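For the sequence shown, the working numbering gives the first residue as 588, with consecutive numbering after it.
In this text, a Cβ means the ideal position worked out from N, Cα and C, and glycines have one as well.
Nothing here was measured: the structure is a model prediction, and the numbers come from that model.
Note sheet for the following structure.
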Amino acid sequence: MYGKGSQANNTNVRRDSDVDIAVEWTETFDVNLWGDTVGMTPQQLGYVPAAVGVDPVDFRLRVERALVTEFGAASVDRTGDKAVKVLAGPTTFDADVVPCLQMRRYDRPQLFHQGHRLYPRSGGSIDNYPQQHYDNGVAKNAATGGRYKDIVRGLKRLESELVATGTLPNAYPSYLTECLVYNVPNGYFGNARLLDDLRGALSYLWGELRTLAPPESWLEMSELLFLFHGATGRSVSDAYRLVDVAWTAVGIRD
């Protein structure tokens with residue numbers, strides 16, 4: 588069990604008051620075959636398959652029962668697609684508890700990236716790499732003199748203000764904001780004023796997104812998945828809308 592999301596990555600603002608917690612099954616692991624490893628056997632890849640795995644539906648039910656036992660049925664919302672919500676108490680925040688299974692992505696024999704796989708109630712599965720996401724965020728922040736996380740938080744606050752005034756119809760996922768700023772080259776950070784860093788980042792993003800064609804090289808912060816390509820559910824038009832409105836709001840253009 589470990590923290591994830593904006594709180595764990597230290598990019599949270601007031602709208603991110605929920606705490607995200609992963610409850611991960613680690614006794615066995617799911618396998619994702621990538622690239623040339625598709626079709627290879629466990630022996631070729633260098634692992635021994637488990638005789639018996641865990642059913643993700645059963646694992647979620649076990650997590651739900653444990654939460655109900657600890658916090659009471661009235662405080663546990665089990666209807667979420669990906670997470671089980673534990674409602675805030677007198678001394679606690681709301682928490683989104685995500686049941687997931689340990690997962691390995693094999694890029695070639697003996698080489699794997701460890702992450703986790705979650706199974707939404709709506710079907711399918713989603714692979715995430717929270718440790719790589721965290722590590723790369725720390726490295727980006729260090730490389731930009733702490734400005735990376737400052738700009739992420741600043742853009743999130745600006746987005747909340749734009750939603751409150753009706754300029755934006757809704758807030759976009761915090762993960763998208765973090766990844767957009769992550770893909771801004773480090774040279775755009777480090778100006779004398781934080782506002783100039785924000786303007787520089789937005790100017791770069793606007794220029795890259797204005798054609799609404801997914802940038803080919805942009806990655807999630809784990810650097811293991813493309814930000815827009817594949818079945819991510821993320822929209823380039825949403826990203827452009829956020830950047831375009833924010834760009835106007837900070838006085839770059841009318």
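Assigned secondary structure, residue i (DSSP; H/G/I helix, E/B strand, else coil)
i	result
ARG782	Per the sequence shown, the amino acid found at residue 782 is Leu instead of Arg. Note: LEU782 maps to helix in three-state DSSP.
PHE815	coil
ARG797	coil
PHE616	strand
LEU674	coil
VAL625	coil
ARG828	helix
ASP841	With a pLDDT of only 47 at ASP841, under the threshold of 50, the placement of this residue in the model should not be trusted; the figure read from the coordinates follows. Coil at ASP841, not helix or strand.
ARG691	strand
ASN757	coil
ASN715	strand
GLY787	helix
TYR589	strand
ARG708	coil
Nearest-angstrom Cα separation, counted from residue j out to residue i
i	j	result
ASN619	ARG691	6 Å
ASP737	GLU795	21 Å
GLY787	ALA833	12 Å
GLY702	LEU812	12 Å
VAL750	THR613	40 Å
TYR759	PRO801	17 Å
ILE713	ALA609	13 Å
GLU803	VAL823	12 Å
LEU742	PRO686	30 Å
ARG652	GLY711	23 Å
THR679	ALA729	31 Å
ALA661	GLY817	38 Å
ASP617	THR752	45 Å
Own chain, CB closer than 7 Å to residue i, minus 5 neighbours either side, in chain order
i	result
ARG821	LEU763, LEU814, PHE815
MET808	HIS720, ASN723, GLY724, GLU765, CYS766, TYR769
ASP623	ARG695
THR615	ALA637, GLY640, VAL641
LEU632	THR624, TYR693, PRO696
PRO756	none
Sequence-distant residues of its chain with Cβ nearer than 6 Å to residue i (five each side left out)
i	result
ARG708	ASP668
ASP645	none
PHE658	VAL673
ASN778	ASP784
Neighbourhood of residue i by C-beta distance below 8 Å, restricted to the same chain and skipping five residues each side
i	result
TYR791	VAL771, PRO772, TYR775
VAL635	PRO629
GLN718	GLN701, GLY702
LEU781	ARG734, ASP737, ILE738, GLY741
MET627	LEU620, TYR693, PRO696
Proximity below 9 Å, CB of residue i to CB of residue j
i	j	result
LEU785	VAL830	no
ARG647	TYR716	no
VAL650	VAL684	yes
VAL739	LEU789	no
TYR827	TRP793	yes
ARG665	GLN689	no
**Item:** Validate contact between the stretch 669-677 and the stretch 727-735 using beta carbons, cut 8 Å, 3 pairs
**Value:** no
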